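In the numbering used here, the protein residues as written are 588 to 968.
Even glycine gets a Cβ: it sits at the ideal position worked out from N, Cα and C.
All figures in this text were calculated on a predicted structure; none of them were measured in a lab.
Following: one structure in structure tokens, then a few remarks.
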Amino acid sequence: MQLGDLNLKELYAESRKKTFIFRVIGGLFLVIVSFFYLILSTSHLFGYIFSSKPDLGSTALSELSEDDWYTYDINKLYGYYSYNNDGAIYITSYNNEDFVSIFVDKDDKNTAEQITQDTLDFLKGTRDVSSDKHLKGKGYLVKLDASQKSYLEQYLGIGITSDDTPKIEVSDYYLMTTTPFKLIFSRLSVADLMFLLFAVFFFFFGIYGIFSFIFGAHKKKFKKAMEKYGILEEVLEKDMENACVIGNAYIGNEHVVIYDSVNIKIVPFDSLIWAYMHVTETQHTTYGVKTKSTKSYQIIMWDYNKNKIMANVKNESDAIMIIAEMHNKAPYFYSGYSKELAAATDGGRFNEMVSAVRESRNKYLNRGNINDQTISENQVC
């Protein structure tokens with residue numbers, strides 16, 4: 588227990604320290620966690636962004652492998668043999684013999700059709716060079732399904748392993764062209780979507796915590812707590828000049844201030860009806876087996892409007908001393924838990940408690956500083 592010269596600025600400073608741990612350190616932790624979830628949800632982007640990608644036109648068909656990434660620069664197309672709402676699968680070739688398929692997005696359809704026309708004109712001899720238009724980008728290989736293979740064979744007029752054309756080889760893969768944005772959603776599983784939502788939530792919650800600290804969230808909470816009971820800042824500051832400090836509580840002659848990294852409770856004694864300690868015990872389990880239990884301690888305060896105020900404290904000893912010091916400063920409210928007071932509060936007799944406390948307060952104020960005045964619980968129970 589400490590007694591010293593305090594002011595509101597020092598209370599702000601203490602609150603700022605605790606808020607820094609919760610909002611800034613906690614916010615940074617959440618941002619880091621968000622990146623972890625982002626990596627889990629977008630791991631399929633790694634091949635696009637980080638892996639070394641060979642050129643499709645420089646890779647032998649025998650070396651192609653499903654899900655491998657390649658760069659491409661194509662200005663030769665022979666038309667498409669399969670399509671859907673998103674685009675079509677075209678045939679291209681390199682080394683004059685090796686045929687491979689490539690998916691062309693519908694946004695690039697006009698370019699693909701122009702390249703196809705230029706290629707056909709080149710084969711007819713009406714054009715001297717291949718098309719001057721190009722399709723460029725990155726993609727990953729996908730295995731042709733049975734129907735796509737069938738369409739390809741029909742389009743070429745051969746089987747993929749035809750003995751009639753031994754010099755022509757056709758890959759049974761097609762290159763899925765994509766962009767980072769399309770890749771995120773085209774290959775996003777349910778699990779990936781959940782991880783992505785977690786990433787977004789943790790990131791913005793963490794950023795909010797950091798910026799709320801920068802813009803003085805701890806002061807705003809003080810002001811909001813004071814506004815609840817119409818407490819003037821200068822009145823509270825004066826009352827805190829010689830406040831008694833117990834744990835995270837500052838107990839003045841007229842107010843109690845209890846704060847942690849999350850909440851700030853400021854209650855004037857003339858609004859108090861009842862205060863007591865509450866212990867919450869949490870049983871922890873691992874795979875259904877009970878391991879250990881932990882306890883948390885709160886001071887419960889009821890005001891004259893029947894508002895229940897819960898303030899966290901560090902331990903049982905602090906809670907007992909805080910309530911004792913509060914009652915020492917204002918010995919007219921009910922102190923300590925009892926079943927009778929709980930029954931009166933829950934059973935519609937709270938107004939009787941309010942009347943009894945107000946009457947006792949008036950007697951206390953009229954008689955001056957009485958060191959050991961108590962309220963008999965028989966007045967209401």
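Since residue i is in the beta strand (DSSP E), which residue starts that stretch and which ends it?
i	result
residue 685	685–692
residue 758	756–765
residue 660	656–661
residue 846	842–846
residue 667	667–671
residue 674	674–681
residue 645	Residue 645 -> no beta strand (DSSP E), and no H or E assigned at all.
residue 890	876–890
residue 899	895–900
residue 852	851–855
residue 833	831–833
residue 837	836–838
By the DSSP assignment, the alpha helix (DSSP H) with residue i in it spans what residues?
i	result
residue 908	903–916
residue 702	696–711
residue 728	Premise fails: residue 728 lies in the beta strand (DSSP E), 722–730, not in any alpha helix (DSSP H).
residue 940	937–954
residue 932	926–933
residue 822	820–826
residue 738	733–743
Under the assumption that residue i contacts residue j (Cβ atoms under 8 Å), give the Cβ distance between them as a whole number of angstroms.
i	j	result
residue 910	residue 864	6 Å
residue 611	residue 833	Not really, about 27 Å apart at Cβ, beyond 8 Å.
residue 726	residue 765	6 Å
residue 786	residue 625	4 Å
residue 706	residue 664	6 Å
residue 763	residue 690	5 Å
residue 680	residue 739	Contact flag wrong, Cβ pair sits at about 13 Å.
residue 606	residue 800	6 Å
residue 678	residue 666	7 Å
residue 802	residue 851	Incorrect: roughly 16 Å between the Cβ atoms, too far for contact.
residue 919	residue 947	4 Å
Mind checking whether residue i and residue j have CB atoms under 8 Å apart?
i	j	result
residue 793	residue 648	no
residue 916	residue 856	yes
residue 827	residue 839	yes
residue 879	residue 868	no
residue 905	residue 854	no
residue 860	residue 921	yes
residue 728	residue 783	no
residue 866	residue 837	no
residue 930	residue 888	no
Short of 7 Å in beta carbon distance, which residues of its chain neighbour residue i, apart from the five on each side in sequence? Order them along the chain.
i	result
residue 877	870
residue 730	653, 759 and 760
residue 604	none
residue 620	789
Might you give, ordered along the chain, the residues of its own chain that have their beta carbon closer than 8 Å to the beta carbon of residue i, omitting 5 neighbours on each side?
i	result
residue 953	none
residue 588	A caution first: residue 588 carries a pLDDT of 43, below 50, which makes its placement in the model unreliable, though a value can still be read off. Around residue 588: 831, 832, 833, 908 and 912.
residue 642	657, 658, 659 and 660
residue 716	709
residue 914	862, 920 and 922
Looking at residue i and the ligand ADP, is the gap between the Cβ and the nearest heavy atom below 7 Å?
i	result
residue 918	Judged by which ligands are present, the structure shown has none, so any question about the ligand ADP falls away.
Give every residue of the same chain whose Cβ lies closer than 6 Å to the Cβ of residue i, excluding the five residues on either side of it in the sequence, and list them in chain order.
i	result
residue 742	668
residue 696	none
residue 903	884
residue 812	851 and 853
Any Cβ of chain D within less than 8 Å of the Cβ of residue i?
i	result
residue 758	As a matter of chain content, chain D is missing from the structure shown, which is built from one protein chain.
Exercise for the section: Determine contact between the stretch 894–902 and the stretch 832–847, defined as no fewer than three beta-carbon pairs at a distance below 8 Å. Expected result: yes
Exercise for the section: Please confirm if the stretch 684–703 is in contact with the stretch 716–725, defined as three or more CB-CB distances below 8 Å between the two stretches. Expected result: yes
Exercise for the section: Check whether the stretch 817–824 touches the stretch 639–659, taking contact to mean three or more Cβ pairs, one atom from each stretch, closer than 8 Å. Expected result: no
Exercise for the section: Report yes or no: do the stretch 787–803 and the stretch 667–676 share at least 3 C-beta pairs separated by less than 8 Å? Expected result: no
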